[in-house]
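Here the structure is laid out as structure tokens; the discussion comes afterwards.
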Amino acid sequence: MSPVLIAEQVLNGVQSGVVLFLMAAGLTLVFGVMGLINLAHGSLFMVGAFAAAGVASATGSFLLGLVAALAAAAAAGALVEVLVLRRLYAREHLDQVLATFALILIFSEGVRWVFGSFPLFLDIPTALSGTVSLPGGILYSRYRLALIATGLVVALGLYLLIAHTRIGMQVRAGASDREMIAALGVDIGRLYTVVFALGAALAGLAGALVGAIQSVQVGMGEPVLILAFVVIVIGGIGSIKGAFIGALLVGLTDTLGRLFLPPLFALFMDSSAAATVGSSLASMSIYVLMAIVLVLKPSGLFGART
Amino acid sequence: MKRAWVANVALICMLPVVAIWASMADEPFIITLATKVAILALAGVGLNMALGQGGLVSLGHAAFFGIGGYAMGILASHAQSYTPLLEWPMLIEGSNSMPVIWLLALVSSGLAALVIGALSLRTNGVYFIMITLAFGQMFYYFSISWPAYGGEDGLAIYMRNGFPGLNTLVPLHFFGLAFAVLLVALALATLIGRSPFGLALNAARQSSERVETAGIRPYRLQLTVFVLSGMVTGLAGALFADLNRFVSPSMFSWQTSGEIMVFVILGGVARLCGPLAGAALFILLEQLLGGISDYWHIFLGALLLLIILFARGGVMGLIAGPGERAHV
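Residue numbers (the numbering used here), protein chains in the order written: chain A, 12 to 317; chain H, 302 to 629.
Take a look at the structure:
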């Protein structure tokens with residue numbers, strides 16, 4: 012196993028971590044501010060991917076596709092918030108889980124109805140196709156590198172937005188005491204819709220970015236959603252910093268587990284059995300990571316509230 | 302209370318009446334549907350123990366359902382190919398006898414529930430939901446990547462497993478078996494609800510601090526009910542696999558967890574026969590709407606949304622009135 016291969020896989024891990032961060036950031040914001048658990052966040056990821064694929068194939072412009080993904084996911088998010096989720100903030104989590112499960116059914120079948128069951132494909136823009144050579148003789152996909160950069164820029168932007176702007180201040184205040192900031196005259200209903208649409212737009216962005224490296228199909232959102240839950244459990248609910256670090260941990264554990272576990276088992280097993288056991292255990296590695304974090308810190312690495 | 306009791310009895314009697322009628326009218330497909338209702342209701346009764354009585358919102362019950370299914374698949378496939386399951390440290394043969402399969406399903410899903418529960422119950426609320434969902438997904442990916450028992454393709458069993466004294470290939474016999482197991486589980490759920498254990502559990506759901514001041518550790522109560530709940534759902538998985546004579550990773554998928562929860566909610570949380578009403582309604586909708594449109598999940602989703610937003614007691618709330626939540 013060469014250092015170049017390992018470096019490539021580390022980059023792949025960071026790339027999947029960045030996507031998970033975009034998903035987890037929206038989830039954790041929505042939970043932190045509104046106390047809502049939203050299973051339909053994966054559907055917004057899917058909506059973003061489909062909007063990007065549809066618009067990009069109609070116009071030939073990847074950039075327009077991205078804009079469409081952001082707009083469609085934000086609009087779908089805002090619509091769902093106003094029509095349905097708003098009624099559920101005061102309800103118990105069970106009702107929220109079921110209502111958002113119902114939304115998944117509606118979104119998935121609705122998208123299948125409109126686009127059909129066959130996967131769509133979103134082409135990588137020509138400017139970002141091919142590979143770049145990095146120091147140390149590493150050849151790496153230009154698109155994936157751009158994806159990592161985008162994710163990091165969004166993370167920085169989100170940090171600045173939350174920590175240094177007026178709306179960020181309201182979001183933080185809303186997370187710690189909802190009644191108080193409503194009493195101080197903040198239009199809490201509008202704040203909720205804005206936060207929800209922001210989270211939805213991030214999920215849509217993630218969907219569009221991933222759509223160019225895998226196929227765009229119904230049901231693509233839920234596996235990512237569940238991984239984002241693992242990220243949040245590890246990072247701690249409500250913490251953007253926790254989401255960022257948790258996402259990178261999960262992305263790297265997953266990729267490097269797949270890389271290292273089969274050869275590790277080959278040291279003391281025959282190679283075909285080692286490949287089986289190694290890859291099966293690699294598929295469990297992030298959940299083991301989650302279990303370890305739970306034993307050591309039940310409210311996550313940066314969790315404030317339980 | 303009386304109205305709730307009548308509704309429960311009517312609902313429980315309805316299923317065998319339908320099955321016997323279908324048997325006389327020579328409609329084996331309808332018996333199969335009734336069997337499916339009984340088995341899915343059993344899975345729901347299992348979840349309802351944790352959800353309704355313990356207040357534990359588990360979105361990972363597909364793990365136990367799938368473990369039960371694979372208990373059947375693994376034992377039956379070894380019996381089918383005449384290869385031993387394990388030669389070391391002791392010889393274990395495959396089996397095509399349902400009692401043996403059920404025992405393995407109960408033990409293995411109980412153990413899995415013990416581990417998942419012990420970890421997940423360190424937290425509560427929304428963390429618990431996410432963690433159980435994640436552990437369910439872990440089993441899903443594991444079953445896909447483990448090639449010995451079919452991997453992604455699943456595992457087909459050619460003969461339905463046997464039960465002493467019955468011919469399980471006769472649809473009505475197999476229905477009777479599934480229905481009897483459902484009745485036992487319903488009786489167990491009632492007993493738990495009325496026992497000191499169930500009362501303490503209900504108290505722990507409402508206020509864990511108060512229970513702690515009374516000298517009881519809520520963690521133990523919750524873990525116990527979670528294990529029982531997982532075992533009942535695991536048994537349902539074994540029966541479900543026998544109904545289809547097929548197991549696949551989809552039994553472990555998060556949609557399965559969601560659907561089991563939908564049975565409970567459609568019917569009404571913490572109601573004895575809620576899961577039965579919910580499973581019956583689900584299968585009925587699947588048959589009626591599925592015939593009209595391939596996209597029937599849209600209607601299911603919309604109906605679910607309406608029930609959650611406007612009719613919080615579910616079906617049993619509508620027909621049995623609000624009285625039955627007494628043991629809640």
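The beta-carbon is built from N, C-alpha and C at its ideal position, and this holds for glycine as well.
Does DSSP put L150 of chain A in a helix, a strand or coil? In the first sequence, the residue the question calls residue 150 of chain A occupies position 139. Taken through DSSP and simplified to helix, strand or coil, L150 of chain A comes out as strand.
Determine the closest residue to T534 of chain H out of H:Q507, H:M391, H:A490, with distance taken between C-alpha atoms. To locate residue 534 of chain H, count along the second sequence from 1; it is residue 233. For T534 of chain H, the nearest C-alpha among the options comes from H:A490.
In the DSSP assignment, find the unbroken alpha helix (DSSP H) run with S13 of chain A in it and report its ends. Mapped onto the first sequence, residue 13 of chain A falls at position 2. Segment: none, S13 of chain A is in no alpha helix (DSSP H) and carries neither H nor E.
Count the other CB atoms, across all protein chains shown, that sit within 10 Å of the CB of N309 of chain H; report buried if there are 16 or more and exposed otherwise. Working through the second sequence from its first residue, we reach residue 309 of chain H at position 8. With 16 or more Cβ atoms within 10 Å of its Cβ, N309 of chain H is classed as buried.
Residues that G121 of chain A contacts on chain H, provided the C-beta gap is smaller than 7 angstroms: Position 110 of the first sequence, counted from the start, is the residue given in the question as residue 121 of chain A. Those within 7 angstroms of G121 of chain A in chain H are I599.
Spell out the partners DSSP gives V164 of chain A in its beta bridges. Here residue 164 of chain A refers to the residue found at position 153 of the first sequence. Answer by DSSP bridge pairing: none, since V164 of chain A is not bridged.
Contacts of P448 of chain H in chain A (Cβ-Cβ under 8 angstroms): Within the second sequence, the letter at position 147 stands for residue 448 of chain H. Annotation: Cβ neighbours of P448 of chain H in chain A (cutoff 8 angstroms, chain order): T287.
Pull up the DSSP beta-bridge partners for A457 of chain H, would you. Here residue 457 of chain H corresponds to residue number 156 of the second sequence, with the count starting at 1. In the DSSP assignment, A457 of chain H is bridged to H:F547.
Count the other CB atoms, across all protein chains shown, that sit within 10 Å of the CB of W555 of chain H; report buried if there are 16 or more and exposed otherwise. Residue 555 of chain H sits at position 254 when you count from the first residue of the second sequence. By the 16-neighbour rule on beta-carbons within 10 angstroms, W555 of chain H is buried.
In whole angstroms, what is the alpha-carbon distance linking V241 of chain A and A311 of chain H? By 1-based counting over the first sequence, the position of residue 241 of chain A is 230. By 1-based counting over the second sequence, the position of residue 311 of chain H is 10. Answer to the nearest angstrom: the Cα atoms are 43 angstroms apart.
Which residues in chain A sit within 9 angstroms of R423 of chain H, going by Cβ to Cβ distance? Taking the first residue of the second sequence as position 1, residue 423 of chain H is located at position 122. The contacting residues are L305, V306, P309.
Does Y442 of chain H come within less than 8 angstroms of chain A when only Cβ atoms are used? Numbered from 1 along the second sequence, position 141 holds the residue referred to as residue 442 of chain H. Yes, Y442 of chain H counts as interfacial toward chain A.
Leaving aside the five residues before and after T317 of chain A along the sequence, list all residues of the same chain whose C-beta is less than 6 angstroms from its C-beta, in chain order. Against the first sequence, residue 317 of chain A aligns to sequence position 306. Note that T317 of chain A scores 41 on pLDDT, short of 50, meaning its location in the model is unreliable and no value can be drawn from it.
Contacting residues, own chain, Cβ-Cβ under 7 angstroms from A87 of chain A (five flanking each side not counted): In the first sequence, residue 87 of chain A corresponds to position 76, counting from 1. For A87 of chain A, where only same-chain residues beyond five positions count, the Cβ hits under 7 angstroms are L55, V58, A211.
Rounded to whole angstroms, what is the Cα-Cα separation between N425 of chain H and L483 of chain H? Locating residue 425 of chain H in the second sequence gives position 124, where the first residue counts as 1. Locating residue 483 of chain H in the second sequence gives position 182, where the first residue counts as 1. Whole-angstrom Cα-Cα distance: 30 angstroms.
Identified DSSP bridge partners for F56 of chain A: As a first step, residue 56 of chain A is located in the first sequence; it is residue number 45 there, counting from the start. For F56 of chain A, which the question treats as bridged, DSSP gives no partner whatsoever.
Looking at the strands, I want to know which residues DSSP matches up with S398 of chain H. Along the second sequence, read from residue 1 onward, the residue named residue 398 of chain H stands at position 97. For S398 of chain H, which the question treats as bridged, DSSP gives the partners H:G463.
Sorted by chain position, which residues of the same chain lie with C-beta nearer than 8 angstroms to T142 of chain A's C-beta, five sequence neighbours on each side aside? In the first sequence, counting from the first residue as 1, residue 142 of chain A sits at position 131. Excluding sequence neighbours, T142 of chain A sits near L150, Y151, S152, R153.
Any C-beta of chain H within less than 9 angstroms: which residues of the stretch 241–255 of chain A qualify? So the close ones are V241, I243, V244, I248.
Using the beta-carbon of each residue, which ones in chain H are nearer than 8 angstroms to I237 of chain A? Indexing the first sequence from 1 puts residue 237 of chain A at position 226. Listed along chain H are L434, A435, Q438, W555, each with a C-beta nearer than 8 angstroms to that of I237 of chain A.
Going along chain A in order, which residues have a C-beta closer than 9 angstroms to the C-beta of V358 of chain H? Taking the second sequence and counting its residues from 1, the one referred to as residue 358 of chain H is at position 57. By Cβ distance, chain A contributes E103, H104, L105, V108.
Check whether A414 of chain H and G531 of chain H have beta carbons under 8 angstroms apart: On the second sequence, residue 414 of chain H is found 113 positions in, with the first residue counted as 1. On the second sequence, residue 531 of chain H is found 230 positions in, with the first residue counted as 1. A contact, by the Cβ cut-off of 8 angstroms.
Which listed residue (A:S13, A:T264, A:A35) has its alpha carbon closest to that of S296 of chain A: As a first step, residue 296 of chain A must be located in the first sequence, where it is residue number 285. Closest by alpha carbon: A:T264.
Using the DSSP secondary-structure output, state which residues sit across from T142 of chain A in a beta bridge. Working through the first sequence from its first residue, we reach residue 142 of chain A at position 131. Per DSSP, the beta-bridge partners of T142 of chain A are A:S152.
Going straight from the alpha carbon of E625 of chain H to that of A612 of chain H, what length do you get? In the second sequence, residue 625 of chain H corresponds to position 324, counting from 1. In the second sequence, residue 612 of chain H corresponds to position 311, counting from 1. Because the pLDDT of E625 of chain H is 45, which lies under 50, any placement of that residue in the model is unreliable, and the number read from its coordinates should be weighed accordingly. Each residue's CA atom was taken as its position, placing E625 of chain H and A612 of chain H some 15 angstroms apart.
Bounding residues of the alpha helix (DSSP H) (the contiguous stretch that carries E120 of chain A): The residue labelled residue 120 of chain A in the question sits at position 109 within the first sequence. 104–126 is the span of the alpha helix (DSSP H), which, as asked, contains E120 of chain A.
Minimum C-alpha distance to L544 of chain H - residue among H:V307, H:W322, H:T336, H:R423: Taking the second sequence and counting its residues from 1, the one referred to as residue 544 of chain H is at position 243. For the residues H:V307, H:W322, H:T336, H:R423, the minimum Cα distance to L544 of chain H belongs to H:T336.
Contacting positions in the stretch 271–296 of chain A - beta carbon closer than 7 angstroms to chain H: Residues T287, S290, S291, S294, M295.
Using a Cβ-Cβ distance cut-off of 8 angstroms, determine whether M532 of chain H contacts chain A. As a working note, residue 532 of chain H is residue 231 in the second sequence. Chain A places no beta carbon closer than 8 angstroms to that of M532 of chain H, leaving this residue out of the contacts.
What is the DSSP secondary structure of L586 of chain H, counted as helix, strand or coil? Against the second sequence, residue 586 of chain H aligns to sequence position 285. Residue state, collapsed to three classes: helix.
So which of A:F61, A:L139, A:E103, A:G148 has the shortest CA-CA distance to G121 of chain A? Within the first sequence, numbered from 1, the residue matching residue 121 of chain A stands at position 110. With distances taken between Cα atoms, G121 of chain A lies closest to A:F61.
Per DSSP, which residues does V227 of chain A bridge with? Please list them. Your numbering for residue 227 of chain A matches position 216 in the first sequence. Note: V227 of chain A sits in a beta bridge opposite A:L131.
Quick check: the Cα distance between V44 of chain A and L420 of chain H, rounded to an integer number of angstroms? Stepping through the first sequence from its first residue, residue 44 of chain A is reached at position 33. Stepping through the second sequence from its first residue, residue 420 of chain H is reached at position 119. C-alpha separation (whole angstroms): 27 angstroms.
For the alpha helix (DSSP H) that contains M439 of chain H, what are its first and last residues? Residue 439 of chain H sits at position 138 when you count from the first residue of the second sequence. Unbroken alpha helix (DSSP H) run through M439 of chain H: 426–446.
Residues of chain H with a CB under 7 angstroms from the CB of R98 of chain A: which are they? Along the first sequence, read from residue 1 onward, the residue named residue 98 of chain A stands at position 87. Going along chain H in sequence order, the residues near R98 of chain A (Cβ under 7 angstroms) are L610.
How would you call L322 of chain H, buried or exposed, if buried means at least 16 neighbouring beta carbons within 10 angstroms? Numbered from its first residue, the second sequence carries residue 322 of chain H at position 21. The identity of residue 322 of chain H in the sequence shown is Trp, whereas the question assumes Leu. Under the 10 Å beta carbon count, W322 of chain H is surrounded by fewer than 16 other beta carbons and is classified as exposed.
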